[in-house]
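Start counting the sequence shown at 421; every next residue gets the next number (my numbering).
We put the beta carbon where it would ideally sit given N, CA and C, even for glycine.
Model, not experiment: these values are computed from the prediction.
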Amino acid sequence: SGFIIIFLMMSERAKTGRVDVVKFYRRRAKRLLPGLFVLLTVIATWGVLFAENHVKRDMKGDILATLAYVMNWRLILTSDDYFAQGGIPSLLRHAWTLAVEEQFYMIAPLLVISVLRWVHSRWKRIALMMTLAVISAFWAAKIGSATPAALSHSYYGTDTRAQAIF
């Protein structure tokens, strides 16, 4: 996703001489929001009509976190263990990946515009992205997995997942 989004912005800049940030956000919203609204409507309807109380308890917060594209941070704050056996995970747990991607979309145009403006050498751009990826990887290692909170953060965190995007 990171490669495709950056490639599209680089292509737009090559054709027009600029990156239209508003147009970028409109395209993302047009692509992502309709499906998200359908998913959340179906889950909310199921929750109201059929869910047991212990499932309903966290559903409102999960829906709001998914809608705001911060589900990954909600899971971190609750020390959610993605690999735990048993229990009943959130019906929207999978939305953490969409949250990380959308958080990337929020900074990607600004990052691309800044890098293109101030870093003129292709090799320096590559070196910058590699450096940012390495910093994210070191940060993930520093957070570690010694506690449930650390494990949750290292797995779901935007800061620890940035290495893949860079």
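Residue 452 - containing alpha helix (DSSP H), residue span: According to the DSSP assignment, residue 452 belongs to the alpha helix (DSSP H) that extends over 441-469.
Give me, in chain order, the residues of the same chain whose beta-carbon lies closer than 6 Å to that of residue 492; leave out the 5 immediate sequence neighbours on both sides. Scanning its chain for C-beta atoms nearer than 6 Å, with the 5 sequence neighbours on each side dropped, one finds around residue 492 the residues 516, 519, 520, 576, in chain order.
Which one of 556, 451, 508 has the shortest CA to CA distance from residue 478? That would be 508, whose Cα lies nearest to the Cα of residue 478.
Within this structure, are the beta carbons of residue 583 and residue 554 separated by less than 9 Å? Contact: yes.
If you follow the alpha helix (DSSP H) that residue 478 is part of, which residue opens it and which one closes it? For residue 478, the enclosing alpha helix (DSSP H) covers residues 473-487.
Using 10 angstroms around the beta-carbon of residue 454, count the other beta-carbons present and answer buried if the total reaches 16, otherwise exposed. So residue 454 counts as exposed.
With residue 464 and residue 483 assumed to form a contact (beta carbons below 8 Å), what rounded beta-carbon distance in angstroms separates them? About 6 Å; that satisfies the 8 Å criterion.
Use the C-beta contact count for residue 449: other C-beta atoms within 10 angstroms, 16 or more gives buried, fewer gives exposed. By the neighbour-count criterion, in which a residue is buried when 16 or more other Cβ atoms sit within 10 angstroms of its Cβ, residue 449 is exposed.
Can you tell me whether residue 574 is helix, strand or coil according to DSSP? Looking at residue 574 - three-state DSSP - the assignment turns out to be helix.
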